[in-house]
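So for the sequence shown, the working numbering puts the first residue at 3; every next one is plus one.
Below: one structure, written as C-alpha cells.
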Amino acid sequence: MASPPPEDLTRLIVGYWTTQSIYLAARLGIADLLREGPRPVEELAQACSADPDALYRLLRALASVGVFAEIEGKQFQLTPLAEPLRSDVPDSQWALAIMNGEEMFPAWCNAMHSMRTGKSAFTDLHGKPLFDYLADKPEKARVFDEAMTGIHGHETAAVLDAYDFSGIGVLADVGGGNGSNLAAALQRYPKMQGMLVDLPHVVARAKARVEAAGVLDRCRLVGGNFFESIAPGADAYIFRHIIHDWNEEECLTILRNCHKAMSPTSKLLVIETVIPPGNGPFMGKFLDLAMMIVPGGKERTAAEYETLYTAAGFKLTRIVPTSCEVSVVEGVKQ
Ligand SMILES: C[S@@+](CC[C@H](N)C(=O)[O-])C[C@H]1O[C@@H](n2cnc3c(N)ncnc32)[C@H](O)[C@@H]1O
C-alpha cells in the first residue's frame, strides 16, 4: 500500500540517518570484523573500542535496512548489502562510505553557501579546493582514490562493452586516479599501450595497482597537472569524471591542453552522466549537486557538451550510451 506523501517525504528528510549509520559502521570496521562469521556484539564492541549498547543500537538499526543481520544471542552477521562494506573485497564500498561521511557530509552541511553563491561549499569550509586539500593528506587521498573506484568502478566494464576501443594503439586516462579503469582497458585489449596521467602523488600510489593488474609493462605513468599541459602521443584521451569537477573556464583550459596534445586523428572521450530532459529519476542529477557543493563543478546536458566542445576547438561526433548512467561523449579536433 502506498504511503501518504508526508510519510514518503519524512523518509526522504531523514535519509541521512541511514547514510551516517553506514559511515559509523564503516569507520568502526564492523564488516571486516565479521569476515569470518557471526560475532556477539560485546566482542565486536571490544574489538573496535565502541560502547556495547551504542554499537548494538547502531547494528540493530542497520539490520532493519538489510545492512548486517542480528541472529540469536545478540550476535550479528554479514548480509549481501553488508559484504561490500568490507575493505578487502573487489567491489568494496568501504572507502566511499568513509569519504562520504568525513569529507562530503560536512560540505553538504555547508551547502547553503553553494545555494547563495553557486560556488563550492567544500572550498568555503576548508579554505582550499578539494584536490589541494587532499594533496597534503596522504591517507585521505588514498581513501579518495579508492572511493572513486567504489562509486565509479561498475562503469568500467559498461564503457568497455559499449565503446569499441580497437584500433586505439595508445590510450591515455587523464585524471585516471588509481589506474583501475586504464588497467581494465589494457587487460581487455592486450596489444594496447596505456598512459596514466594524474597528479604526481596520485600516480605514485597507482603504480602498485597497475602492477598487480599485470599491465605495468604496457603503461606509462605520467605525473602532471592538466591545467598546465597534457602529455602528447595517445590515440585517445579518456577523461572519466574529470570534466564534471570543474567550471566552464577551467574545463576550457583542460580541454585546450588536451587539444594541443592530440594528433589530427586522436579522439577525445569524456565519460560522464549526460543529464537527460524531464523529471525522471537519474542519479546524475544528484551527482550534479555533489559536484557543485564539493569540487565546484557540474554535470552537463548534451547541448552543454556541444557548446563546451566547440569553444575548446572540438567537434562533438557522437554520444555513446552505456548500460549504466554514464555515456562516452566522443570528440575530434575541429
Ligand atoms: C573525480 S576523480 C576521477 C578519477 C577517475 N578518473 C575515475 O573515474 O574514477 C578526479 C581525478 O582528477 C585528478 N586531478 C585533479 N586535479 C588534477 C590536475 N590538476 N591534474 C591532473 N589530475 C588532476 C584527481 O587526482 C583525481 O584522480
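C-beta: ideal position from N, C-alpha, C; glycine also.
Note that this is a predicted model, so its numbers are computed, not measured.
- In this structure, Asp55 is the residue among Ser94, Gly235, Leu83 and Asp55 with its C-alpha nearest to the C-alpha of glutamine 77.
- Boundaries of the alpha helix (DSSP H) harbouring lysine 209: 202 to 214, taken from the DSSP string.
- Secondary structure of valine 161 (DSSP, three-state): helix.
- Collapsing the DSSP output to three states places serine 94 in coil.
- Below 8 Å, too few C-beta pairs join the segment 305 to 316 and the segment 219 to 238 to call them touching: fewer than three.
- Scanning Ala137, Ser182, Met150 and Lys193 for the CA closest to the CA of proline 202 turns up Ala137.
- With fewer than 16 other beta carbons inside 10 angstroms of its own, glycine 169 counts as exposed.
- For the pair tyrosine 191 and valine 322, the CB atoms are not nearer than the 8 Å cut-off.
- Taken through DSSP and simplified to helix, strand or coil, arginine 320 comes out as strand.
- For a cut-off of 8 Å, the C-beta gap from isoleucine 240 to aspartate 175 is around 5 Å, short enough to register as a contact.
- The residues Ala236, Asp237, Ala238 and Tyr239, in chain order, have a CB closer than 7 Å to that of serine 268 in the same chain once the five nearest residues on each side in sequence are set aside.
- Between threonine 158 and asparagine 180 a beta carbon distance of about 12 Å is seen, past the 8 Å cut, so the two are scored as non-contacting.
- If the five residues before and after tyrosine 135 are omitted, its C-beta is found closer than 7 Å to the C-beta atoms of His128, all from its own chain and listed in chain order.
- By the Cβ-count criterion, tryptophan 248 is buried, with 16 or more other Cβ atoms from all chains shown falling within 10 Å of its own Cβ.
- Inside the segment 66 to 111, DSSP marks whole alpha helix (DSSP H) runs of 4 or more residues at positions 96 to 101 and 107 to 111, from first to last along the chain.
- Note on isoleucine 24: 16 or more other CB atoms within 10 angstroms of its CB, so buried under the neighbour-count rule.
- When secondary structure is reduced to three states using DSSP, threonine 20 falls in the helix class.
- Here glycine 280 carries a coil assignment [DSSP, helix/strand/coil].
- Sorted by position in the chain, Phe133, Met150, His154, Gly177, Gly178, Gly179, Asn183, Asp200, Leu201, Val204, Asn227, Phe228, Phe229, Arg242, His243, Ile244 and Asp247 make up the residues whose C-beta lies under 6 Å from a heavy atom of ligand 1.
- Three or more beta-carbon pairs separated by less than 8 Å link the segment 101 to 116 to the segment 287 to 296, which places the two stretches in contact.
- Between glycine 196 and alanine 187 a beta carbon distance of about 7 Å is seen, short of the 8 Å cut, so the two are scored as contacting.
- The bridge partners DSSP lists for proline 42 are Gln77.
- Between glutamate 308 and leucine 318, the gap from beta carbon to beta carbon is short of 8 Å.
- If you draw a 10 Å sphere on the C-beta of tryptophan 19, you find fewer than 16 other C-beta atoms in it, and that means exposed.
- Bridge pairing for aspartate 34: absent [DSSP].
- Fewer than three Cβ pairs drawn from the segment 67 to 85 and the segment 96 to 108 lie within less than 8 Å of each other, which leaves the two stretches out of contact.
- The DSSP assignment places no complete beta strand (DSSP E) segment of no fewer than 3 residues inside the segment 284 to 310.
- DSSP, reduced to helix, strand and coil, places glycine 152 within a helical segment of the structure shown.
- In the displayed model, glutamate 230 falls within coil according to three-state DSSP, outside both helix and strand.
- Bounds of any alpha helix (DSSP H) do not take in serine 5, whose DSSP letter is neither H nor E.
- Annotation: the continuous alpha helix (DSSP H) that includes serine 116 extends over 114 to 119.
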